[in-house]
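Structure, as structure tokens:
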Amino acid sequence: MLERAGEVAGPDWKDFNSQRCLRLTLPRPRNTADLQAHRFHMTMARLLLSHADALVGYKYCNGVNNNDPEEDVWIAHRWIAEQGIHTQHRVLPKRLAEPINRLIAVVSDLRRDHETSAAES
81 MLERAGEVAG
91 PDWKDFNSQR
101 CLRLTLPRPR
111 NTADLQAHRF
121 HMTMARLLLS
131 HADALVGYKY
141 CNGVNNNDPE
151 EDVWIAHRWI
161 AEQGIHTQHR
171 VLPKRLAEPI
181 NRLIAVVSDL
191 RRDHETSAAE
201 S
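For the sequence shown, this note's numbering gives the first residue as 81, with consecutive numbering after it.
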């Protein structure tokens, strides 16, 4: 279970923290237009990040499998038997949040690269 949840939270979840996982079950949005429920989930992710460094993954419904861990967005597949067609559509991002220190590290690397390039010119 931890490995499947970790893959949703991010491909480097084992490097980040392979020993702990907090799994929350929240009321699911009724549909893609249920903005109040989606905002509640994102607010919960922000609250988690305000107290600890965490990767926050999001599974939009029971039974959905993360068959493509490299894909950042959940893709819903549906078979319409009466029309004999298979459809798919993008649902939601798999990852809602990353720790702020990771984002700051990326910005710092960009700045360092810029300063190095400027010094070489």
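Heads up, the beta-carbon is just placed ideally off N, CA and C, and yes, glycines get one too.
Here the structure is a predicted model, which is why all the values come from computation and not from measurement.
| Query | Result |
| --- | --- |
| Within the continuous alpha helix (DSSP H) that includes Val186, where are the two ends? | Ile180 to Glu200 |
| Distance check for Ile180 and Arg191, CA to CA, integer angstroms please. | 17 Å |
| Considering only heavy atoms of the ligand MN, does any lie closer than 7 Å to the CB of Asn111? | Ligands are entirely absent from the displayed structure, and the ligand MN is therefore not among its contents. |
| Which whole-angstrom value describes the C-beta separation of Ala177 and Val136, a residue pair presumed to lie in contact below a C-beta threshold of 8 Å? | 4 Å |
| Quick check for students: name the residue ranges of the beta strand (DSSP E) that lie wholly in the segment 89-140, counting only runs of 3 or more. | none |
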